[in-house]
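Numbering (the working numbering), first residue to last: 1 to 168. Note that the Cβ used here is the ideal one computed from N, Cα and C, for glycine as well.
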């Protein structure tokens, strides 16, 4: 089971804030064309959801990569908290309501992994996709608001997998 520390959540929030600040077009531009600017956030949000899904009991190579990214983010955030601002580190409580991925749900994550890899290589939004996945990995196991999003994501992946594979 993946766990997250204060430092890991801090890194996830920093990635999120950095991306939102970089994206922010200004209130006048946002009011003038909200659909266009909201659509610019879609790659980040979709890959954030994918990053959350990879932390939900996925094993194998995908789980290893996700767990390694989370572990490095935990370490980097803890170092930044302790040595950067003189704070303290520690493990956060995991979500109380863990919804594991079923067999078909894990198959959906594998399909999403292939799509994510292709999108990162071919899309002009590669950086946004990487940031979103990193943020999702860091925040997907937290017990806060981001952690609550993982439950419906897992249920959606399980539902989609059940319906896709029921046809075969």
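Check	Outcome
Simplified DSSP state of residue 123, which is helix, strand or coil	coil
Top-ranked residue by Cα proximity to residue 165, from 118, 106, 152	106
Proximity winner among 102, 79, 52, relative to residue 66 (alpha-carbon distances)	52
Option nearest residue 101 by Cα separation, candidates 160, 117, 114	160
Alpha carbon of residue 81 to alpha carbon of residue 71, nearest angstrom	15 Å
When 150, 163, 139, 157 are compared against residue 12, the one with the closest alpha-carbon	139
Given residue 25 as reference, the closest of 86, 16, 36 once Cα atoms are compared	36
Residue of 38, 20, 19, 49 minimising C-alpha distance to residue 154	49
Residue span of the alpha helix (DSSP H) that contains residue 74, given as start and end	60-79
Nearest-angstrom Cα separation, counted from residue 30 out to residue 136	25 Å
Nearest-angstrom beta carbon gap, residue 116 and residue 218 [assumed within contact, 8 Å]	With the chain covering 1 to 168 only, the question about residue 218 has no answer from this structure.
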